[in-house]
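Here the structure comes first, spelled out in structure tokens, and everything after it is commentary.
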Amino acid sequence: MRMMPTRIAPSILAYDLSNLGAGLDIAARGGADQIHLDVIDGRFAPNITFGPGTVKALRPRSGMKFDTHLMIAEPRLYIDKFIEAGSDLLTFQAEVLDAAAFDLLYSVVRSRGKEMGLALKPETQLPDWALDRLDRLSALLLLTVSPGFSGQTMDKRVFPKIEHLSSLVAERGLKLDLEIDGGIDEGNVGEVAKRGGNVFVAGAGVYGRPDPVRAIGELRAKAQSARGGS
Ligand code: DX5
Ligand code: ZN
């Protein structure tokens, strides 16, 4: 049985955008494992958030893992900038890649000693080219909302895909985070945990709560209990 650790990744997009540094501090106080940074370019998805300049400005504020979710149409043009800005995990959307593009990005990420992730929109299935490359990934991110905005409702139609990919990863004995992103809160984190997720991104489910520090602890407790304790 595959047992990757439970990790909570607050999504800073849901915090006060004029004060992101304070959002990082809250995540650290709550004992978050990594901070989720949603980069959207207005082309891949209908919103524009922030870029490498913001990531760089936040970097000195925290030693926490910077989990950078790049919802951008042309990652090749920006990969170096995000690495230089201090991203630790660089997660790219599979929809904008093919085998050759993946290999190129991977060679850059790897040569700089960073981690690579691959993200799928709710309706996207894992492409064949990615099946052969799972061993290069540190994270497979399954969106449970349409990319663009924090605060949407989780799309439970993604659940079979979570189960399927969780089994696939287990069969192959891969050490890979299965990261679930979109609409997670204390009421449903157990459901996605039971289906095989081990990293839980939460924007509104953390920063939209009256006590975000406590919300992080609650998400962790609920996820761990659904996963049988770890
Ligand atoms: C959607 C983003 C998500 C989102 C999470 O484009 O990838 O990370 O901001 O926020 P909540 O948890 O509020 O859905
Ligand atoms: Zn995200």
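Converting from the sequence shown to this note's numbering requires adding 38 to each position, the first position being numbered 1.
Built from N, CA and C at the ideal position, the CB exists for glycine as well.
Close Cβ partners of residue i (< 7 angstroms) along its chain, the five nearest in sequence each way excluded
{"i": "T162", "result": "A132, E133"}
{"i": "R265", "result": "T44, A231"}
Proximal residues to residue i (C-beta, below 6 angstroms), its chain only, five neighbours per side dropped
{"i": "P43", "result": "none"}
{"i": "G189", "result": "A242"}
Simplified DSSP state of residue i, which is helix, strand or coil
{"i": "T44", "result": "coil"}
{"i": "M105", "result": "A quick correction: the sequence has Asp, not Met, at residue 105. Here D105 sits in strand by DSSP."}
{"i": "G243", "result": "helix"}
{"i": "M39", "result": "Residue confidence for M39 is low, a pLDDT of 48 falling below 50, so the modelled location carries little weight and cannot support an answer."}
{"i": "S204", "result": "helix"}
{"i": "F88", "result": "coil"}
{"i": "S49", "result": "strand"}
{"i": "F187", "result": "coil"}
{"i": "I254", "result": "helix"}
{"i": "F82", "result": "coil"}
Residue i vs residue j beta-carbon contact at 7 angstroms
{"i": "L180", "j": "L158", "result": "yes"}
{"i": "E224", "j": "E201", "result": "no"}
{"i": "I73", "j": "M109", "result": "no"}
{"i": "L169", "j": "M154", "result": "no"}
{"i": "K276", "j": "G228", "result": "In the structure as shown, the chain begins at 39 and stops at 268. Residue 276 is therefore absent and cannot be evaluated."}
{"i": "R81", "j": "A47", "result": "no"}
{"i": "T106", "j": "L128", "result": "yes"}
DSSP beta-bridge partners of residue i
{"i": "M154", "result": "L128"}
{"i": "D215", "result": "A177"}
{"i": "S263", "result": "S263 pairs with nothing; no bridge assigned."}
Limits of the beta strand (DSSP E) - the one that residue i falls within
{"i": "V77", "result": "72-78"}
{"i": "A177", "result": "177-181"}
Residue range of the unbroken alpha helix (DSSP H) whose run includes residue i
{"i": "I64", "result": "58-67"}
{"i": "A168", "result": "166-169"}
{"i": "G228", "result": "227-232"}
{"i": "Y116", "result": "Taken as a continuous stretch (DSSP letters only), Y116 belongs to no alpha helix (DSSP H), as it is neither H nor E."}
{"i": "L143", "result": "137-149"}
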